[in-house]
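Residue numbers (this note's numbering): 72 to 271.
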C-alpha cells in the first residue's frame, strides 16, 4: 500500500500536538454510537467541529501544505467531496497564497446539479492539472473515491489523497488499489488511545 508519513520538525510536532488537543476536545467522543453504516462503534469523530474552528482549520491547512512541500509535490489545485472537505479546501487555498505557491480549489458535488449549469464540480479545475484530494475522515474511502473519479473525468491527475483522520476501516486500502499515495495526520486508534489516557 502506498502510505506516507511526515518528518516532524519541532514546529510541526507542536502544531500536530495542538491539533490533536483540538480534535480530542471538539471532535472525538468515547461511548456507544451507531454509525451511518448501521455499525456500532465505541467512539465517534465529527471533524467539522475542528475544521470549522479557526485554529483547527489553520493547523490542518498548514500541516497539509507543509507535507506537500516536504514531498516536493507541485500541484495546481486541491479539492474533495462536499461537505467534509469544504473548509479544508478553503483553508489550503487561502494559505497557499501566503506561501507564494497558490493552489486553486474545487468542490465535488454528491450529485450532478439539476439546474443551471448541471455541473458535478464547482470551482476551478482544468484538464491536465495535478491535484490533491482532501478528506476530513476516511472510513471506507467512498467519498475520496468519488472525488478521485470526478477529478479524473475532468482530465486532472490525482497525485495524492490527504486526510485528517483515518478510521482504519479499509478506506486507505481501497484508495491504494488505484496506486495513489495517501497521507493522514492521525489514525482513529491514535486519537482513541490519547482520549483514554485523558480519562485515566
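We put the CB at the ideal spot given by N, CA and C, even for glycine.
Would residue 207 and residue 155 qualify as a contact pair, given that the criterion is a beta-carbon distance under 8 Å?
Yes; because the gap between Cβ atoms is below 8 Å, this pair is in contact.
Counting only the same chain and skipping the five closest in sequence on each side, list residues whose C-beta sits under 8 Å from that of residue 270.
Excluding positions up to five away in sequence, the list reads 101.
Straight-line CA distance for residue 72 to residue 219?
Residue confidence is low: residue 72 scores 47 on pLDDT, short of 50, so the model does not pin down where it sits. Its coordinate-derived value is still stated next. One C-alpha to the other measures close to 17 Å.
Alpha carbons only, please: which of 239, 142, 195 is nearest the one belonging to residue 164?
It is 195 whose Cα lies nearest to the Cα of residue 164.
Can you grab the Cα-Cα spacing for the pair residue 189 / residue 245, in whole Å?
Cα-Cα distance, rounded: 29 Å.
Compute the distance between the beta-carbons of residue 77 and residue 141, then report whether it is under 8 Å.
In contact: residue 77 and residue 141 (Cβ atoms closer than 8 Å).
Name the DSSP bridge partner or partners of residue 258?
Answer by DSSP bridge pairing, in chain order: 237.
Which residue from 146, 139, 112, 159 puts its Cα closest to that of residue 121?
The residue with the shortest Cα to Cα distance from residue 121 is 159.
Which residues in the same chain have their Cβ closer than 8 Å to the Cβ of residue 214, if we skip the five residues on either side of it in sequence?
Only 151, 152, 155, 156, 206 meet the Cβ criterion.
Regarding residue 265 and the ligand ATP, is the C-beta to nearest heavy atom distance less than 7 Å?
The model depicted lacks the ligand ATP and carries no ligand whatsoever.
Can the beta-carbon of residue 97 be found less than 8 Å from the beta-carbon of residue 137?
Against a cut-off of 8 Å, the Cβ pair of residue 137 and residue 97 comes out as no contact.
Short of 6 Å in beta carbon distance, which residues of its chain neighbour residue 99, apart from the five on each side in sequence? Order them along the chain.
Hits under 6 Å: 116, 262, 266.
At which residues does the alpha helix (DSSP H) containing residue 112 begin and terminate?
Taken as a continuous stretch (DSSP letters only), residue 112 belongs to no alpha helix (DSSP H), being part of the beta strand (DSSP E) at 111-116.
Secondary structure at residue 230, three-state DSSP: helix, strand or coil?
Three-state result, residue 230: strand.
Determine which residues share a DSSP beta bridge with residue 212 and list them.
According to DSSP, residue 212 bridges with nothing at all.
Just to confirm the assignment, what range does the alpha helix (DSSP H) spanning residue 90 have?
Residues 81-93.
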